[in-house]
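FYI, in UniProt numbering the residues of the sequence shown are 1 to 121. All C-beta atoms, glycine included, are put in the ideal place defined by N, C-alpha and C.
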Amino acid sequence: MAPFVPRTRAATTLRMKQIVLDNQSRMIRRFRAKLETERRESAATKEGLETKAEDTIQEQHLIIKALVEEKASLLQTIQGLQEVNGAPAPFDDEWEEEPEGDPEEEGLEDIPIGEGEIVDE
Numbered sequence: 001m002a003p004f005v006p007r008t009r010a011a012t013t014l015r016m017k018q019i020v021l022d023n024q025s026r027m028i029r030r031f032r033a034k035l036e037t038e039r040r041e042s043a044a045t046k047e048g049l050e051t052k053a054e055d056t057i058q059e060q061h062l063i064i065k066a067l068v069e070e071k072a073s074l075l076q077t078i079q080g081l082q083e084v085n086g087a088p089a090p091f092d093d094e095w096e097e098e099p100e101g102d103p104e105e106e107g108l109e110d111i112p113i114g115e116g117e118i119v120d121e
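Okay, here's the thing in structure tokens:
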């Protein structure tokens, strides 16, 4: 049998504090390990998202290129049809915008101001 060692209140308090510190140290190690795992997973997720974004951008560029080529082909077809049908002017790829007129010139008349009316100018 082990020899009986009387424990004093101070020794018991120290032992309890040591147990608490040991538990906290274990928790800190677990949290650090968990944090490192989360960082690795986050980095892997970020890398995956960046790769996916790059792939999407490349796909969009290919789609745009195909659409531009299709547009050019359609324009050639339209111009060919216009020539065959004797259209007056070939189709050009630019929009004609109507010139913006002065709103005062578009049918607004000068309204005579009667006497005694307030005029804000």
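C-alpha of Thr37 to C-alpha of Arg9: approximately 42 angstroms in a straight line.
CA-CA distance, Glu69 to Leu81, rounds to 18 angstroms. Annotated three-state conformation of Arg7 is coil, per DSSP. As the crow flies, the alpha-carbon of Ala43 is around 10 angstroms from that of Leu49.
Non-local C-beta neighbours of Leu35 in its own chain, meaning closer than 7 angstroms and more than five positions away in sequence, are absent. Distance from the CA of Arg29 to the CA of Asn23, rounded to the nearest whole angstrom, comes to 10 angstroms.
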